[in-house]
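**Student:**
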Amino acid sequence: MKYRIIPVTPFQQNCTLLWCEQTRAAAVVDPGGDLDRIKAAVAEEGVKLEKILLTHAHIDHAGGTAALSHELGLEIEGPGKDDEFWIEGLPQQSQMFGFPAVDVFSPDRWLDDDDQVSFGEVTLDVVHCPGHTPGHVIFYHQPTALALVGDVLFQGSIGRTDFPRGDHDTLIRSIKEKLLPLGDEIDFIPGHGPMSTFGHERQTNPFIAGRFG
Numbered sequence: 101m102k103y104r105i106i107p108v109t110p111f112q113q114n115c116t117l118l119w120c121e122q123t124r125a126a127a128v129v130d131p132g133g134d135l136d137r138i139k140a141a142v143a144e145e146g147v148k149l150e151k152i153l154l155t156h157a158h159i160d161h162a163g164g165t166a167a168l169s170h171e172l173g174l175e176i177e178g179p180g181k182d183d184e185f186w187i188e189g190l191p192q193q194s195q196m197f198g199f200p201a202v203d204v205f206s207p208d209r210w211l212d213d214d215d216q217v218s219f220g221e222v223t224l225d226v227v228h229c230p231g232h233t234p235g236h237v238i239f240y241h242q243p244t245a246l247a248l249v250g251d252v253l254f255q256g257s258i259g260r261t262d263f264p265r266g267d268h269d270t271l272i273r274s275i276k277e278k279l280l281p282l283g284d285e286i287d288f289i290p291g292h293g294p295m296s297t298f299g300h301e302r303q304t305n306p307f308i309a310g311r312f313g
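Each residue of the sequence shown is one higher than the one before, counting from 101 in my numbering.
1) Going by alpha carbons, who is nearest to I105 out of H292, Q195, D214 and E171?
2) Could you work out which residue in P131, G231 and P207 is closest to P107 when comparing CA atoms only?
3) Sort out for me which residues DSSP pairs P290 with in a bridge.
4) Considering Cα atoms alone, identify which of M295, K151 and W210 is closest to R124.
5) I'd like to check one pair, L211 with G250: are the Cβ atoms closer than 8 Å?
6) Consult DSSP for R273 and reduce its assignment to one of helix, strand or coil.
7) For A127 and L153, which I take to be in contact (beta-carbon distance under 8 Å), what is that distance rounded to the nearest angstrom?
8) In chain order, what residues of the same chain have a beta carbon less than 7 Å from the beta carbon of P290, not counting five sequence neighbours either side?
9) Going by other Cβ atoms of all chains shown within 10 Å of its Cβ, with 16 needed for buried, is R302 buried or exposed?
10) Mapping the DSSP letters down to three states, classify G169 as helix, strand or coil.
11) Can you grab the Cα-Cα spacing for the pair P234 / G259, in whole Å?
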């Protein structure tokens, strides 16, 4: 599996293009906006976009989903069902944060713990990691030791929990019980900012360092 990070929206959200090296089938994770930029990356890499994967339904991660799905006929998988209220509120989110008007959508498939998503010959494991939003999921590709963690964990920080139905203790529990056990060597792509590893964050992240061994 190969990947390309495409920062989108004024929030510089890490939309990520993933593709299967054997079949060139691709998926896009969290197309928050700037669809021309996303489509240009697809063309430059010479891959065929098959589906949209969502970690959660905040505007900077999901704002371009309805338009991209409609234009290219893409299935939408994710996030978890508990983020449905965020999807329904996307038009209000777009107004609040000054984003272009967006449409709501209904995912073709809600995701939860132990689900898997696939494109080409690539299979990703789904892990439910609530706290930033109640339906937040992350995607883990075991063969390449890569995780896409949305806004659960960042280099040197963690996701905000001051939005509706966010919860700090739940987020910390998700990091401790769901992310870190995957292994210190796991590289992760966060929703914003540079990549890191779980081991580096375990040792240096001020929000979690020293708390979990």
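Every residue gets a Cβ at the ideal spot worked out from N, C-alpha and C, and that includes glycine. Given the structure is predicted, the values throughout are model-derived calculations rather than measurements.
**Tutor:** Once the coordinates are examined:
1) Cα-wise, what sits closest to I105 is H292.
2) P131
3) Paired residues: G250.
4) K151
5) no
6) It is helical.
7) About 5 Å; that satisfies the 8 Å criterion.
8) N114, V249, L253, F254 and Q255
9) Buried is the call here.
10) In the sequence on display, residue 169 carries Ser and not Gly. If DSSP states are grouped into helix, strand and coil, S169 belongs with the helices.
11) Our two residues, P234 and G259, have alpha carbons roughly 12 Å apart in a direct line.
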